[in-house]
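Engineer: Here the protein sequences line up with chains W and E, keeping their order.
With numbering that gives the first Met the number 0 applied, the first sequence corresponds to residues 0 to 214, in that order.
With numbering that gives the first Met the number 0 applied, the second sequence corresponds to residues 0 to 214, in that order.
Beta carbons are placed, not taken as given, at the ideal position from N, Cα and C, and that holds for glycine.
The structure's right below; bear with me while I get my questions together.
Number of protein chains: 2
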Amino acid sequence: MLAPQTEEAYRRLRRMILSLELRPGEPLVERKLEELLAVSRTPIRAAIQQLFREGLVQRTGRVYTVAPLDLAELEEAFEFRTWLETYVVRVAASRRPNARQLQELLASVEADLDPEIELEKATDFHLALAKLTGNRFVVASLAQVLQRIYRARYLEITRPQGADQALSDHLHLIELLQQGQAEAAAAFLQRHLERSREALLESLEGSILLGVRSS
Amino acid sequence: MLAPQTEEAYRRLRRMILSLELRPGEPLVERKLEELLAVSRTPIRAAIQQLFREGLVQRTGRVYTVAPLDLAELEEAFEFRTWLETYVVRVAASRRPNARQLQELLASVEADLDPEIELEKATDFHLALAKLTGNRFVVASLAQVLQRIYRARYLEITRPQGADQALSDHLHLIELLQQGQAEAAAAFLQRHLERSREALLESLEGSILLGVRSS
DNA sequence: CGAGTTGAGCTGGTATACCAAAAAGGGTAG
DNA sequence: CTACCCTTTTTGGTATACCAGCTCAACTCG
Numbered sequence: 000m001l002a003p004q005t006e007e008a009y010r011r012l013r014r015m016i017l018s019l020e021l022r023p024g025e026p027l028v029e030r031k032l033e034e035l036l037a038v039s040r041t042p043i044r045a046a047i048q049q050l051f052r053e054g055l056v057q058r059t060g061r062v063y064t065v066a067p068l069d070l071a072e073l074e075e076a077f078e079f080r081t082w083l084e085t086y087v088v089r090v091a092a093s094r095r096p097n098a099r100q101l102q103e104l105l106a107s108v109e110a111d112l113d114p115e116i117e118l119e120k121a122t123d124f125h126l127a128l129a130k131l132t133g134n135r136f137v138v139a140s141l142a143q144v145l146q147r148i149y150r151a152r153y154l155e156i157t158r159p160q161g162a163d164q165a166l167s168d169h170l171h172l173i174e175l176l177q178q179g180q181a182e183a184a185a186a187f188l189q190r191h192l193e194r195s196r197e198a199l200l201e202s203l204e205g206s207i208l209l210g211v212r213s214s
Numbered sequence: 000m001l002a003p004q005t006e007e008a009y010r011r012l013r014r015m016i017l018s019l020e021l022r023p024g025e026p027l028v029e030r031k032l033e034e035l036l037a038v039s040r041t042p043i044r045a046a047i048q049q050l051f052r053e054g055l056v057q058r059t060g061r062v063y064t065v066a067p068l069d070l071a072e073l074e075e076a077f078e079f080r081t082w083l084e085t086y087v088v089r090v091a092a093s094r095r096p097n098a099r100q101l102q103e104l105l106a107s108v109e110a111d112l113d114p115e116i117e118l119e120k121a122t123d124f125h126l127a128l129a130k131l132t133g134n135r136f137v138v139a140s141l142a143q144v145l146q147r148i149y150r151a152r153y154l155e156i157t158r159p160q161g162a163d164q165a166l167s168d169h170l171h172l173i174e175l176l177q178q179g180q181a182e183a184a185a186a187f188l189q190r191h192l193e194r195s196r197e198a199l200l201e202s203l204e205g206s207i208l209l210g211v212r213s214s
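Below you can see the structure in the form of structure tokens.
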């Protein structure tokens, strides 16, 4: 979608931020990144703009820094998700997903050893559910909130059993959807998110990453 | 928030798009805009990127064009808004807004002769409502959908009585909120949006702007 | 006369030079 | 020793030069 160099810079920066290689609070100095990524400042600036818009990068004064993990933001994210996805699941269950849509859902519940890929798939699963509503704004809103809390979710999924729990939850949810059990699916999703939220908060508990302002 | 030249270019471009001065489908040629806006391509490119992310600008092949008005998108937007704002109003009514918050709401229901300002105020009103939930994702999602259908709303509000109807609706809604009548407020909002949707579709009916692909 | 080819000129993408403002560092005066 | 000021450096913002790919039109060859 973006220009090739910009896309590359964006993906590498995003990856470094999400995997916490670039720590929250760390300043993004364009001329350093120029050297690090071996591209000129132009695509780097475009990439930073993009990340800024997505909320992964913050601006404090004139300098761009990696956005800190924000506990309040996390709580708001889960409140919003719960409410959004509950709706999503109700709609999805009532409009029984067709074969192709089920395929897409199932494709995102394969186990994988790499936690980063696992997380991508979990994200895809929730977005595929949202797509079942046929409403692009639902999908866009969910995509935004998932992206925003990506780093915290990364911490959660790398815990022992972190990924397995999510996987089995997702599988069960698909079953409920197939059977058209809207209310059961909504209730189960709510529990799923509640569990996820608690595990995630626990992962963050005492994390040195919380509230770090600079490296 | 953005750099000054970029901000200026962004605002002017956005204004030209939203006011339909730049028609849907019209290509945005960087070197033409350079001349038109009297700034270099760098801030223009940044501004276009921003508009692209917001959905006001599309990419067809390698050229950026003003996004066409999309009837399906409009329907989805109203479906999403209705559902989102119904929730917003319920929450807002239950947590009776305080004086400062009411002030903010009331500030956005002053009549104005300029339809553009009127529309900004209507937008502010709905966003101020969303803020009452205290959830930044609710606000961000609503802001995005309102922005996305801004041009169609502009067409609606410039119709005779278009602005007055919205204004009196907003005033009534504030009253219901003050009285904490959550269900009545939610129901009224739903009617408000339904009216708005119909007026808007009527404005678009047969509009030459629908589906235009190039100038 | 028509189809294929070639080349000129747009266009967006990238690199880089330049600027102004802010931050950092050092030196001096009190 | 401290506080202030001045210089130097660093930084993001802007302008611009350069590049590669595509478009399209004109010309040539069959």
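(1) Are there 16 or more other CB atoms within 10 angstroms of the CB of W:R150, so buried, or fewer, so exposed?
(2) Under three-state DSSP, which class holds W:R58?
(3) If you reduce the DSSP assignment to three classes, tell me which class W:L172 lands in.
(4) Output needed for E:R147: all residues of its chain with C-beta closer than 8 Å, excluding positions within five of it in sequence on either side, in chain order.
(5) What three-state label does DSSP hand E:L19 in the structure shown?
(6) Should W:I116 go down as buried or exposed, given a rule of 16 or more other Cβ atoms within 10 Å for buried?
(7) Which whole-angstrom value is the C-beta distance of E:R40 and E:E29, which I expect to be below 8 Å?
(8) Residues bridged to W:V137 by DSSP?
(9) Any beta carbon of chain E sitting closer than 9 Å to that of W:F124?
(10) Taking E:A76 as the query, report the chain W residues whose CB atoms sit under 8 Å from its CB, ordered along the chain.
(11) Are the beta-carbon atoms of E:L32 and E:I43 separated by less than 9 Å?
(12) Which partner residues of E:P26 appear in the DSSP bridge assignment?
(13) Under a Cβ-count criterion, where at least 16 other Cβ atoms within 10 Å of its own Cβ denotes burial, should W:R135 be classed as buried or exposed?
(14) Could you work out which residues of chain W lie near E:V144, taking near to mean beta carbons separated by less than 9 Å?
(15) Counting contacts by CB-CB distance shorter than 9 Å, is W:R52 in contact with chain E?
(16) Distance check for E:S107 and E:K120, CA to CA, integer angstroms please.
(17) Could you please tell me which residues of the region 80 to 101 of chain W, in chain order, have their CB closer than 9 Å to any CB of chain E?
(18) Is the Cβ-Cβ distance between W:L192 and W:R80 less than 9 Å?
(19) Look up W:Q177 in the DSSP assignment and say whether it is helix, strand or coil.
(20) Evaluate the contact criterion for the region 56 to 67 of chain E versus the region 83 to 90 of chain E: three or more CB pairs, one atom per stretch, below 8 Å.
(21) Is the CB of W:R13 under 9 Å away from at least one CB in chain E?
(22) Suppose you measure from the CA of W:V38 to the CA of E:E174; what does that come to, to the nearest Å?
(23) Are the CB atoms of E:A45 and E:A185 within a distance shorter than 9 Å?
(24) Taking the alpha-carbon positions, what's the W:R11 to W:Q48 distance?
(25) Tell me whether W:A110 is buried or exposed, calling it buried when 16 or more other Cβ atoms sit within 10 Å of its Cβ.
(26) Using the three-state DSSP reduction, which class does E:S39 fall into: helix, strand or coil?
(27) Less than 9 Å between CB atoms is the rule here; does W:E72 satisfy it with respect to chain E?
(28) Over the uninterrupted alpha helix (DSSP H) stretch that includes W:R152, give me the two end residues.
(29) Could you check if W:T59 is buried or exposed, using at least 16 other CB atoms within 10 Å of its CB as the buried criterion?
(30) Identify, in the order they occur along the chain, each residue of the same chain with its Cβ nearer than 6 Å to the Cβ of W:V89, setting aside the five sequence neighbours on each side.
(31) Taking any Cβ of chain W, which residues in the region 36 to 48 of chain E have a Cβ under 7 Å from it, in chain order?
(32) Going straight from the alpha carbon of E:L172 to that of E:T132, what length do you get?
(33) For the alpha helix (DSSP H) containing E:T122, list its first residue and its last residue.
Structural biologist: Looking at the atomic coordinates:
(1) Its Cβ being crowded by 16 or more others within 10 Å, W:R150 is buried.
(2) DSSP places W:R58 in strand when its eight states are reduced to three.
(3) helix
(4) E53, G54, L55, E72, A76
(5) Coil, per DSSP.
(6) exposed
(7) The C-beta separation of E:R40 from E:E29 comes to about 5 Å, placing the pair in contact by the 8 Å criterion.
(8) Its beta-bridge partners do not exist; DSSP assigns none.
(9) no
(10) F136
(11) yes
(12) E:T64
(13) buried
(14) F136, A139, S140
(15) yes
(16) 5 Å
(17) The residues in question are R80, W82, L83, Y86.
(18) Closer than 9 Å, so yes.
(19) helix
(20) no
(21) no
(22) In this structure, the straight-line span from the alpha carbon of W:V38 to that of E:E174 is close to 57 Å.
(23) no
(24) 14 Å
(25) With fewer than 16 Cβ atoms within 10 Å of its Cβ, W:A110 is classed as exposed.
(26) Note: E:S39 maps to coil in three-state DSSP.
(27) Yes, contact with chain E.
(28) Per DSSP, W:R152 belongs to the alpha helix (DSSP H) from 149 to 156.
(29) exposed
(30) The sequence as given places Arg at residue 89 of chain W; Val does not occur at that position. Excluding positions up to five away in sequence, the list reads A181, A185.
(31) A45, Q48
(32) 16 Å
(33) 114 to 130
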